[in-house]
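One structure below.
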Amino acid sequence: MLDKRMTAADIVGQLSDGMTIGIGGWGPRRKPMALVRELLRSNLKDLTIVAYGGADVGMLCAAGKVKKVVFAFVSLDAIPLEPWFRKAREAGQLEVLEVDEGMFQWGLKAAAFGLPFLPTRVGLGTDLAALGGLKTVTSPYADGETLIAMPALKLDAALIHVNRSDWRGNVQVFGPDVYYDEWFAKAAAKTYVSCEELVDRMEDHYPDDAQFNLFERCFVTGVVELSGGAHPSSMPPHYGWDMKAFKAYSDAAKDPGDWSAVADRFVGASEADYLNSIGGKEAVAALPLPIF
Amino acid sequence: MTDVTLAELCIYAASEAFRGNGEIVATGVGPVPRLGAGLAKLTHTPELMMTDGECYLVEQPVPLGPRNYDDRKKAGYLPFSRFFDSAVWTGRRHAMVTPTQIDRFGQINLSQLGGTHKQPKTQMLGVRGFPGNTIYHPNSFFFPSHTTRVFVEGEVDMVSGVGYNPAKRIAGGNYSGVALKKIITNLCVMDFGGTDNAVRVVSLHPGVTFQDVQAATGFPLEKGDLVETPLPDADALAIIAQLDPHNIRASVIKDNPPAQRVS
Chain A
1 MLDKRMTAAD IVGQLSDGMT IGIGGWGPRR KPMALVRELL RSNLKDLTIV AYGGADVGML
61 CAAGKVKKVV FAFVSLDAIP LEPWFRKARE AGQLEVLEVD EGMFQWGLKA AAFGLPFLPT
121 RVGLGTDLAA LGGLKTVTSP YADGETLIAM PALKLDAALI HVNRSDWRGN VQVFGPDVYY
181 DEWFAKAAAK TYVSCEELVD RMEDHYPDDA QFNLFERCFV TGVVELSGGA HPSSMPPHYG
241 WDMKAFKAYS DAAKDPGDWS AVADRFVGAS EADYLNSIGG KEAVAALPLP IF
Chain B
1001 MTDVTLAELC IYAASEAFRG NGEIVATGVG PVPRLGAGLA KLTHTPELMM TDGECYLVEQ
1061 PVPLGPRNYD DRKKAGYLPF SRFFDSAVWT GRRHAMVTPT QIDRFGQINL SQLGGTHKQP
1121 KTQMLGVRGF PGNTIYHPNS FFFPSHTTRV FVEGEVDMVS GVGYNPAKRI AGGNYSGVAL
1181 KKIITNLCVM DFGGTDNAVR VVSLHPGVTF QDVQAATGFP LEKGDLVETP LPDADALAII
1241 AQLDPHNIRA SVIKDNPPAQ RVS
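Taken in sequence, the protein lines are chains A and B.
Under the working numbering, residues 1 to 292 are what the first sequence spells out, in order.
Under the working numbering, residues 1001 to 1263 are what the second sequence spells out, in order.
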């Protein structure tokens, strides 16, 4: 079906308990937070979450949706330690596979190419292999080098937030850094994309920006327009992150420290309610881009 | 020169770690390492490459703190999306970072403290890119507070970066890229030039003794030449001030002490 438009609820309706779900973006940047919020409104559980983690991972852990996390870090940058992830880890409630940032994208690439693993030196000499049960392989060539076999990070679904898409899934992705969104899309059996702007036919609107088509539409299963949908993470060039919102979210992990008491503030009964509570799309659009 | 701060002395020492490194990406994480890399590029090692902290390569190091988003002058592009391909896995980088713990082997920890991996007592960032950084390219370290909590007895709680511990090295692996360079702290400068890459004190900050350093370290240290860490000259101080117009460096070391320790 070439018309891939869906609602956020349709997308979450295609997911099921126990799935492995990849989430694009990086820390507090380019996160498909509106889709994550929709997932938080659902009854889904026992998920394995694969992410360069930020509040997406923290919220899903806080809400008890997560069985296992595959991560290299979970951080909000200016708030280095993601407070809700930290709580879940220190309570011992999560299974984890902790890997290096580079191994992580290597695992996505292995999955994208249908390989069982890709070899790497990374992880040797650290605790990662022993803790993660990672195996080694030996080069069959004259060098005979021992390498870690980074297992494919196969995803049942990936959630990604992009700048533009048409209803066929021709995406355009801007911003100074696109992180590993391309590889989440290719590592997943199904990729669901939310976008700041949905158009009918990309070629009629933005043909001059076709080189920003980060991944081809064969990797896109569903599309939904959710402008402001990365809030409180950043979505350059449209808007920066909302550090005040992250601070409030972070503070709530200490007081009251109970997700069920604050979920309504950070998730809302609907996306419209959520956006209203933070001052609407205009308030999101006015957030300045971060300076590093 | 009595008004030189300890932070400025550390920045100057950090810049020395990047001296003559060639055409590689100098990454300083945190104010002192970042200012050190910038100072190195603007003085003795202009061939260094560096980013604006986001994704663009700049030939003019970007000042710390608030400024306009477009103030950076973009000369090249090195986003995370190709960071491993271009910088890390090709060995074309020298990073200076601040882990939570370091041990006698130069093994570092940024992941967790205490407890078990299933249930850590304190969850920190995660290993981030440390495993790849340490097996592929040179690394140095900066610690604003030199204590036995940082320089631990025994081994770090979770080995997040490769060191010189033979027991941790899986046989047959290629460790030729492991290159731990300098450790700069509020007390001294050290390197890994001791016996079997043991940590060795190479210079002491003014007014600090070897005994002071040893007392703050959880494992035995070796002695290098033990010269006095040099103070930055007026030119270096001017560049540091220009790269840090909001004086963020004053907040790095507790109470922002002078370079000359008063006992």
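Just so it is clear, CB atoms sit at the ideal spot from N, CA and C, and this is done for glycine as well.
{"Query": "Contacts around K334(A), its chain only, beta-carbon distance under 6 Å, and the 5 residues preceding and following it disregarded", "Result": "The structure shown does not extend to residue 334(A), since chain A is modelled only from 1 to 292, so the question has no answer here."}
{"Query": "Cutoff 9 Å: T1098(B) Cβ touching any chain A Cβ", "Result": "no"}
{"Query": "Span of the alpha helix (DSSP H), counted from its first residue to its last, around Q296(A)", "Result": "Residue 296(A) is absent from the model: chain A starts at 1 and stops at 292."}
{"Query": "Cross-chain neighbours of K1181(B) in chain A, by beta carbon under 8 Å", "Result": "What K1181(B) touches in chain A: nothing, since even the nearest Cβ is about 17 Å away."}
{"Query": "Beta carbon proximity, T136(A) to chain B, threshold 9 Å", "Result": "yes"}
{"Query": "Pair within 9 Å by beta-carbon distance, V220(A) and T191(A)", "Result": "yes"}
{"Query": "Whole-angstrom distance between S1111(B) and A1217(B), CA atom to CA atom", "Result": "In the sequence as displayed, the identity of residue 1217(B) is Thr instead of Ala. Distance between the alpha carbons of T1217(B) and S1111(B): 21 Å."}
{"Query": "Residue closest to A1179(B), alpha-carbon to alpha-carbon, out of A1250(B), G1053(B), N1133(B), M1124(B)", "Result": "N1133(B)"}
{"Query": "Residue from T1090(B), P1066(B), P1033(B), N1068(B) whose Cα sits closest to the Cα of E1023(B)", "Result": "T1090(B)"}
{"Query": "Of the listed residues Q1242(B), P1066(B), I1239(B), F1084(B), nearest to H1137(B) (C-alpha basis)", "Result": "F1084(B)"}
{"Query": "For N163(A), the first and last residue of its enclosing beta strand (DSSP E)", "Result": "155 to 166"}
{"Query": "Three-way DSSP call (helix, strand, coil) for Y1056(B) in this model", "Result": "strand"}
{"Query": "Unbroken alpha helix (DSSP H) run spanning S250(A), endpoints", "Result": "243 to 254"}
{"Query": "G268(A) CB to nearest heavy atom of the ligand COA below 8 Å", "Result": "Absent from the structure shown: the ligand COA. Ligands present: none."}
{"Query": "Where V122(A) meets chain B, residues with beta-carbon distance less than 7 Å", "Result": "P1131, G1132, I1135"}
{"Query": "Proximal chain B residues relative to D100(A), where beta-carbon distance stays under 8 Å", "Result": "V1127, R1128, G1129, F1130, P1131, G1132"}
{"Query": "Range of the contiguous beta strand (DSSP E) that encloses M1096(B)", "Result": "1093 to 1097"}
{"Query": "Endpoints, the beta strand (DSSP E) within which R1200(B) is located", "Result": "1200 to 1204"}
{"Query": "Below-9 Å beta-carbon distance, K1118(B) vs any chain A residue", "Result": "yes"}
{"Query": "Between the CA atoms of M103(A) and G1114(B) - distance to the nearest angstrom", "Result": "25 Å"}
{"Query": "C-alpha distance - A1259(B) paired with V1004(B), whole-angstrom precision", "Result": "6 Å"}
{"Query": "Extent of the continuous alpha helix (DSSP H) run through V36(A)", "Result": "33 to 40"}
{"Query": "CB contact below 9 Å: T294(A) versus chain B", "Result": "The structure shown has nothing for residue 294(A), since chain A only spans 1 to 292."}
{"Query": "Given 8 Å, three or more beta-carbon pairs between the segment 180 to 194 of chain A and the segment 137 to 150 of chain A", "Result": "no"}
{"Query": "Straight-line Cα distance separating A1095(B) from N1197(B)", "Result": "19 Å"}
{"Query": "Length of the line joining the Cα atoms of I1108(B) and V1162(B)", "Result": "7 Å"}
{"Query": "Extent of the continuous alpha helix (DSSP H) run through I1011(B)", "Result": "1006 to 1017"}
{"Query": "Residue-chain proximity (S233(A), chain B), Cβ-Cβ < 9 Å", "Result": "no"}
{"Query": "Cβ pair count under 8 Å reaching 3, the segment 277 to 291 of chain A against the segment 234 to 250 of chain A", "Result": "yes"}
{"Query": "Contact list for the segment 44 to 78 of chain A against chain B, Cβ threshold 9 Å", "Result": "Y52, G53, F71, A72, F73, V74, S75"}
{"Query": "Buried versus exposed, by CB contacts within 10 Å (16 or more), P1144(B)", "Result": "buried"}
{"Query": "CB-CB length for E82(A) against V74(A), believed under 8 Å", "Result": "4 Å"}
{"Query": "Cα-Cα separation between A272(A) and E38(A), rounded to whole angstroms", "Result": "11 Å"}
{"Query": "Neighbouring residues, chain A, relative to N1174(B) (Cβ below 7 Å)", "Result": "R121, E145"}
{"Query": "Chain B contact residues for V178(A), given Cβ-Cβ distances below 8 Å", "Result": "P1079, S1081"}
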